[in-house]
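Remarks on the structure that follows.
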Amino acid sequence: MSTVTVRIPTPLRPLTAGADTVRVEGETIDDVLKTLGTTHAGLLERIINPQGELRGFVNIYLGSDNVRALDGLATSVSDDDVVSIVPAVAGGAARDRRLCELRAAIPEVTPTDAVQLQKQGAAVLDVREPDEILPGSPVGAYRLGRGYLELRVEDVIPDMNRTVLVMCSGGTRSLFAAEALVRLGYQDVRSVVGGFARWKNDGQPFEIPRVLDASARERYSRHLLMPEVGERGQLQLIDSKVLLVGAGGLGSPAAFYLAAAGIGTLGVVDDDVVDRSNLQRQILHTEARVGTSKVASARETLEALNPTINVVGYKTRLDSSNVDEIFTGYNVVVDGSDNFPTRYLVNDACVKLNIPNVHGAVYRFEGQVSVFWPAWKERRGPCYRCLYPEPPPAEMAPSCAEAGVLGILPGVIGLLQAVETIKIVLAVGDLLIGRMLYYDALRAQFTEFKFDANAECSYCGEGATFPGYVDYEQLCSASNT
Amino acid sequence: MTTLHLPEYARTDLEGMAHAGYPSETCGLLVGQQTNDHVEVSRVVQARNLNRERAHDRYELDPQDFIAADKQACDEGLEIVGVWHSHPDHSAQPSETDRESAWEGWSYLIVAVKHDGVHDLRCWRLASERFVEECIEPCPR
Chain A
6 MSTVTVRIPT
16 PLRPLTAGAD
26 TVRVEGETID
36 DVLKTLGTTH
46 AGLLERIINP
56 QGELRGFVNI
66 YLGSDNVRAL
76 DGLATSVSDD
86 DVVSIVPAVA
96 GGAARDRRLC
106 ELRAAIPEVT
116 PTDAVQLQKQ
126 GAAVLDVREP
136 DEILPGSPVG
146 AYRLGRGYLE
156 LRVEDVIPDM
166 NRTVLVMCSG
176 GTRSLFAAEA
186 LVRLGYQDVR
196 SVVGGFARWK
206 NDGQPFEIPR
216 VLDASARERY
226 SRHLLMPEVG
236 ERGQLQLIDS
246 KVLLVGAGGL
256 GSPAAFYLAA
266 AGIGTLGVVD
276 DDVVDRSNLQ
286 RQILHTEARV
296 GTSKVASARE
306 TLEALNPTIN
316 VVGYKTRLDS
326 SNVDEIFTGY
336 NVVVDGSDNF
346 PTRYLVNDAC
356 VKLNIPNVHG
366 AVYRFEGQVS
376 VFWPAWKERR
386 GPCYRCLYPE
396 PPPAEMAPSC
406 AEAGVLGILP
416 GVIGLLQAVE
426 TIKIVLAVGD
436 LLIGRMLYYD
446 ALRAQFTEFK
456 FDANAECSYC
466 GEGATFPGYV
476 DYEQLCSASN
486 T
Chain B
144 MTTLHLPEYA
154 RTDLEGMAHA
164 GYPSETCGLL
174 VGQQTNDHVE
184 VSRVVQARNL
194 NRERAHDRYE
204 LDPQDFIAAD
214 KQACDEGLEI
224 VGVWHSHPDH
234 SAQPSETDRE
244 SAWEGWSYLI
254 VAVKHDGVHD
264 LRCWRLASER
274 FVEECIEPCP
284 R
């Protein structure tokens, strides 16, 4: 048994009749404190909690060592050791005060009430960071991390009079975020008390949101900054399937940029091989691949640019026997053919399968682009046959091989096709539906011609039954190069 | 109501330490004597703030500094009569964190400090889990 000196801090001295030190016997710190407790009523309770553990706001030092860093209460003592009872001296100013002020200023709602308000039209805004929402986020919530809140919230919730219910993980950050929204001019902003932790515990509906991984976030960061794309739009691009008819002059630039944009599945139909004369405009291909399949060459280039996408090659000539099978499942078809048989086949299949057909054509210094989509939800659009019911005679339809083309021109038109494709996938903007955009490179002019759907069109007209595919191959001499 | 007697020199020391530490919270101890309703401060001691991560709005006084100050005070026949800390860019009102960590029997002196110096100095004492303000007077009895 050892005898030690226990130093008593001022606040506890009323319990030791004012003594600043007390001599106590014991073998461990625990013994010493318990003995102290029996000789000085009320003292032990101030130091040890009912579970027999050292209270959080007090430390016991043996000499200059905190016993928490030794063996805790089991630390053994020796004769003439000094045991100090050291009150934890702590505090602080700011956040608590700010929080109290915020709680007084920002109304709070329970998750249950938030769900009701959401049903009545309120917006639930989850301000947690992307990695925090991986385990779940309220169904129908807008997800906008706190970091970009002020910059982007007006794009997400443009109506300042709409009730906004801000939610974070525990209900604290949401108060700060709510205050920021009030400063921006939102009229009715409330904070969801307890955050997502309570939302989940209370059994309110949540979903596991699909999010981009870190690599995709970096690759598409410039898209993510745009309110018209954002994470939701980028996921739409990744989920979309676009078919390019032809990996030539129009298909090359379109495919290149669509791959870069992250279109998840790019189909490429082409039965041709790379010819040196293609390289003047068909930028997917290279000198080294002259004589190899255009589909394989396209795949190599596109996968080198963006290995995360899926390139599906169809090394075949599109015809009436395979068009249904190839087109089915694609969201958009980009027509890069330069011959009428294929153009009519693409049109007819797109009408039949309700697929938007992004049309492009080039001739020397001129090009044209339009979108044919009779099944467009916004308004009925024309098909190619509404404009040209039948193909022209072969002598009036020269191919590039016959007429020549400025190499850059299909670049311009192919990229306009790519832009329309992205707009279709994202459902943004005004599509080139019922409008033909003509580009005259020599005049450096774009001209637009409007045209309507033909109610009598044998393919897309009202009440028309699909008349079947027509093989124009014998009628036209143009080749698909 | 207890009265805290804070000599001018001690107040000057305190204000100097709080301002020098701005924008961090600074903390320390009040050494002196306490009798009934009177607390007489002989000197103010600065201690290290162990809370580095949030030094702008939190303090956690280094226990080693406490032990040293307590021992020295005892040797001089004095005692630790309270704690002081600064509130950078805030009022001298105690926060909820201050209240939760406070001990009865000590004076809690709070120094409201801004970039241009000390703006307020107020003292509090815990009674039945509430802070009651103490009167600060410049000279000892």
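Protein chains in written order, with this note's numbering: chain A, 6 to 486; chain B, 144 to 284. Glycine included, each C-beta is placed from N, C-alpha and C at the ideal position.
Query                                                                                                                       : Result
Contact under 7 Å by Cβ, Ala458(A) with Arg390(A)                                                                           : no
Assigned exposure category for Gly296(A) - 16 Cβ within 10 Å defines buried                                                 : exposed
Same chain, Cβ closer than 8 Å to Trp381(A), neighbours up to 5 away in sequence not counted                                : Pro361, Leu436, Ile438
Straight-line Cα distance separating Asp244(A) from Pro112(A)                                                               : 39 Å
Contained alpha helix (DSSP H) runs [length at least 4] in the stretch 210 to 234 of chain A, N- to C-terminal order        : 219 to 224, 226 to 229
Neighbourhood of Ala298(A) by C-beta, 6 Å cutoff - its chain only, sequence neighbours within 5 removed                     : What sits at residue 298(A) in the sequence shown is Ser, not Ala. Closer than 6 Å at the Cβ level, and outside the excluded window around Ser298(A), lie Val278, Lys320.
Every unbroken alpha helix (DSSP H) within the stretch 248 to 311 of chain A, with a cutoff of 4 residues, ordered by chain : 256 to 266, 299 to 310
Three-state secondary structure (DSSP) of Leu17(A)                                                                          : helix
Strand pairing of Gly96(A), partner residues [DSSP]                                                                         : Tyr202(B)
Boundaries of the alpha helix (DSSP H) in which Met160(B) is found, first to last residue                                   : 151 to 164
Selected residue, minimal CA-CA separation from Cys388(A), among Asp340(A), Glu50(A), Glu371(A), Asp280(A)                  : Asp340(A)
Neighbour flag for Arg284(B) against chain A, beta carbons, 7 Å                                                             : Legend: pLDDT at Arg284(B) = 45, less than 50; position of this residue unreliable, no value from coordinates given.
Closer than 7 Å at the beta carbon, the chain A residues around Gln207(B)                                                   : Ser69
Collapsed DSSP secondary structure at Gly318(A) in the structure displayed                                                  : strand
Within 7 Å, strictly: CB atoms of Gly97(A) and Thr240(B)                                                                    : yes
Reduced DSSP category for Tyr474(A) - H, G, I as helix; E, B as strand; rest coil                                           : coil
Own chain residues within Cβ distance below 6 Å of Glu371(A), not counting five before or after                             : Asp445
Nearest-angstrom Cα separation, counted from Val261(B) out to Ser167(B)                                                     : 13 Å
Gly248(B) to Gly23(A) span [Cα, whole Å]                                                                                    : 12 Å
Ser250(B) and Val182(B) closer than 7 Å at C-beta                                                                           : yes
Close beta carbons around Leu480(A), own chain, < 6 Å, minus the five adjacent residues each side                           : For Leu480(A), the pLDDT reaches just 49, beneath the cut-off of 50, and the residue's location in the model is therefore unreliable, leaving the point undetermined.
Per-residue burial, Leu156(A) [other beta carbons within 10 Å of its own, 16 or more giving buried]                         : exposed
Simplified DSSP assignment, three categories, for Gly434(A)                                                                 : coil
DSSP bridge partner residues for Gln494(A) (one or two, in chain order)                                                     : Lying outside 6 to 486, the shown extent of chain A, residue 494(A) is not represented and no answer is given.
For Leu41(A), the nearest candidate out of Leu447(A), Leu240(A), Ala260(A), Ser89(A) (CA to CA)                             : Ser89(A)
Reference Arg265(B), options Ile279(B), Ala212(B), Leu204(B), closest by Cα                                                 : Ile279(B)
Segments of 4+ residues assigned as alpha helix (DSSP H) that fall wholly inside the stretch 18 to 82 of chain A            : 34 to 44, 48 to 52
Local Cβ density within 10 Å of Met160(B), reported as buried at 16 or more and exposed below that                          : buried
6 Å Cβ shell around Pro281(B) - same chain, five flanking residues per side excluded                                        : Glu151
Residues that Leu264(B) bridges to, as DSSP identifies them                                                                 : Val254(B)
Residues of its chain near Tyr477(A), where Cβ-Cβ distance is below 7 Å and the 5 sequence neighbours each way are ignored  : Phe345, Pro346, Tyr349, Pro396
Rounded C-alpha distance that separates Leu104(A) from Phe181(A)                                                            : 8 Å
7 Å Cβ cutoff, Ile279(B) in contact with chain A                                                                            : no
CB contact below 7 Å: Ala309(A) versus chain B                                                                              : no
Contacting positions in the stretch 251 to 273 of chain B - beta carbon closer than 7 Å to chain A                          : none
Interface flag, Ser81(A) vs chain B, CB-CB below 7 Å                                                                        : no
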